[in-house]
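The sequence shown stops at residue 88 when you use the UniProt record's numbering, and every number in between is there. Read the structure below first, then the notes.
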Amino acid sequence: YKNYGLKIIRTRAFNITGPGEREDFVCSNFARQIALIEKGKQKPTIYVGNLNAKRDFVDVRDVVQSETRSMHELCRKNLKANKRYFLK
């Protein structure tokens with residue numbers, strides 16, 4: 001980029017969640033299971049993996065807004081909520 005005088009931005013988003021997320025990710029998986037339970041299509045048990053993990057989630061819409069703003073400001077950002085949650 002230096003050879004061509006390009007302006008580059010670099011962002012990093014953590015644990016993005018929101019509409020359109022694949023079903024094998026934790027938030028959409030839990031939501032899908034709850035919806036199935038409410039419809040009576042799954043017994044009232046939520047199947048989970050490691051609940052001792054801590055995650056900092058950020059909504060995809062916030063990521064898009066921040067990425068768009070970053071393009072105009074040409075700055076470096078870490079995109080996260082700054083609050084970590086146990087999955088329990």
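For glycine and all other residues, C-beta sits at the position ideal for the given N, C-alpha and C.
Express the C-alpha separation of residue j and residue i in angstroms, rounding to a whole number.
i	j	result
Thr17	Asn50	18 Å
Gln33	Thr11	32 Å
Asn3	Ser66	28 Å
Gly5	Ala13	26 Å
Does DSSP put residue i in a helix, a strand or coil?
i	result
Val48	coil
Ala53	coil
Asp62	helix
When we look at the beta-carbon of residue i and count the other beta-carbons within 10 Å, is it buried (16 or more) or exposed?
i	result
Val48	exposed
Val58	buried
Residue i: which of the options sits nearest, CA to CA?
i	options	result
Lys54	Phe86, Phe14, Lys7	Phe86
Asn15	Ile9, Lys7, Asp62, Lys41	Asp62
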